[in-house]
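**Student:**
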Amino acid sequence: MTALDRLNQFERGVYYILIALFSIVILFAVMEMAILVVQTITDVTSYRMDSEEILHLFGFLLLILIGLELLDTIKVYMQENRIHVEAILLVAIIAIARKVILFDPFEEGVGEIPIIGMAAIVIALCGGYYLIKKAGYS
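Residue numbers for the sequence shown follow the working numbering, beginning at 3 and rising by one.
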């Protein structure tokens with residue numbers, strides 16, 4: 003067995019560990035979200051959710067989706083031994099969408115620079131995704 007074979011074997015072992023850890027984290031996140039939803043719904047002080055609670059749940063859901071997409075990216079890399087740029091861009095788009103949804107522009111000390119920055123990131127990511135889809139590259 004050559005040194006390169008050992009290195010590849012070590013790399014695959016690390017990927018398996020990452021998949022196991024990601025799976026555990028995602029499982030706990032889903033359980034935490036389920037508990038949060040049940041607690042919110044069964045809260046006896048109010049029978050409806052306010053916008054802050056809904057945004058918190060959406061943020062949590064999108065965080066779980068990001069984890070699932072990253073897990074899928076690692077899985078595909080293990081199967082095909084190549085990185086799918088389309089999947090990476092989708093993770094980034096979901097992550098910035100989460101930031102946009104949870105962003106409070108009326109928070110004290112927040113100017114227009116973060117809004118312009120997020121808009122530029124959204125445009126760049128969506129443009130990159132469009133070009134990759136148009137070129138047929140994944």
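Note that beta-carbon positions come from the ideal geometry of N, C-alpha and C, so glycine has one too.
Using a Cβ-Cβ cut-off of 7 Å (strictly less than) and excluding sequence neighbours within five positions of residue 21, which residues of its own chain qualify?
**Tutor:** As a working note, residue 21 is residue 19 in the sequence shown. Result list for residue 21: 73, 76 and 77, in chain order.
**Student:** List in chain order: all unbroken alpha helix (DSSP H) runs of 4+ residues lying wholly within the stretch 52 to 127.
**Tutor:** 53 to 82 and 87 to 104
**Student:** Given this structure, state the Cα-to-Cα distance separating residue 116 from residue 98, to the nearest angstrom.
**Tutor:** Taking the first residue of the sequence shown as position 1, residue 116 is located at position 114. Taking the first residue of the sequence shown as position 1, residue 98 is located at position 96. Each residue's Cα considered, the two are about 12 Å apart.
**Student:** Please name the residue, chosen from 94, 31 and 108, that lies closest to residue 151 on a Cα-to-Cα basis.
**Tutor:** Any question about residue 151 goes unanswered here, given that the chain covers just 3 to 140.
**Student:** Alpha carbon to alpha carbon, what distance is there between residue 124 and residue 7?
**Tutor:** By one-based count along the sequence shown, residue 7 stands at place 5. By one-based count along the sequence shown, residue 124 stands at place 122. Rounded to whole angstroms, residue 7 and residue 124 show a C-alpha spacing of 40 Å.
**Student:** Examine chain D for any beta-carbon lying closer than 8 Å to the beta-carbon of residue 7, and answer yes or no.
**Tutor:** The structure shown contains no chain D; it is built from a single protein chain.
**Student:** Whole angstroms are fine: how far does the CA of residue 10 sit from the CA of residue 62?
**Tutor:** Walking along the sequence shown from the start, residue 62 turns up at place 60. Walking along the sequence shown from the start, residue 10 turns up at place 8. Residue 62 and residue 10: Cα-Cα distance of roughly 35 Å.
**Student:** Please list, in chain order, all residues of the same chain as residue 91 whose beta carbon is under 7 Å from its beta carbon, the five residues on each side excluded.
**Tutor:** In the sequence shown, residue 91 corresponds to position 89, counting from 1. Annotation for residue 91: 127, 130, 131 and 134 place their beta carbon closer than 7 Å to its own, counting only its chain and skipping 5 residues before and after.
**Student:** If you measure between the beta carbons of residue 59 and residue 38, is that distance less than 8 Å?
**Tutor:** Position 57 of the sequence shown, counting from 1, holds the residue named residue 59. Position 36 of the sequence shown, counting from 1, holds the residue named residue 38. Yes, the pair counts as a contact, with Cβ atoms nearer than the cut-off.
**Student:** In whole angstroms, give me the CA-to-CA distance for residue 55 and residue 27.
**Tutor:** Taking the sequence shown and counting its residues from 1, one reaches residue 55 at position 53. Taking the sequence shown and counting its residues from 1, one reaches residue 27 at position 25. For the pair residue 55 and residue 27, the Cα-to-Cα distance works out to about 22 Å.
**Student:** Leaving out five residues on either side along the sequence, give the residues of the same chain with a beta carbon under 8 Å from the beta carbon of residue 120.
**Tutor:** Here residue 120 corresponds to residue number 118 of the sequence shown, with the count starting at 1. Cβ neighbours of residue 120 beyond the five flanking positions: 98, 101, 102 and 105.
**Student:** Does the separation of the CB atoms of residue 80 and residue 139 fall below 8 Å?
**Tutor:** Counting from 1 along the sequence shown, the entry for residue 80 is found at position 78. Counting from 1 along the sequence shown, the entry for residue 139 is found at position 137. Their beta carbons are not under 8 Å apart, which means residue 80 does not touch residue 139 by this criterion.
**Student:** Please return the same chain residues whose Cβ sits closer than 8 Å to the Cβ of residue 96, not counting the five positions on each side in sequence.
**Tutor:** To locate residue 96, count along the sequence shown from 1; it is residue 94. Counting only Cβ-Cβ distances below 8 Å, and skipping sequence neighbours, we find 64, 67, 68 and 71.
**Student:** The alpha helix (DSSP H) that contains residue 42, what's its start and end?
**Tutor:** Here residue 42 refers to the residue found at position 40 when the sequence shown is read from its first residue. Where residue 42 is concerned, the enclosing alpha helix (DSSP H) stretches over 5 to 43.
**Student:** Can you tell me whether residue 139 is helix, strand or coil according to DSSP?
**Tutor:** Counting from one through the sequence shown, the residue named residue 139 turns up at place 137. Reduced to three states, the DSSP call for residue 139 is coil.
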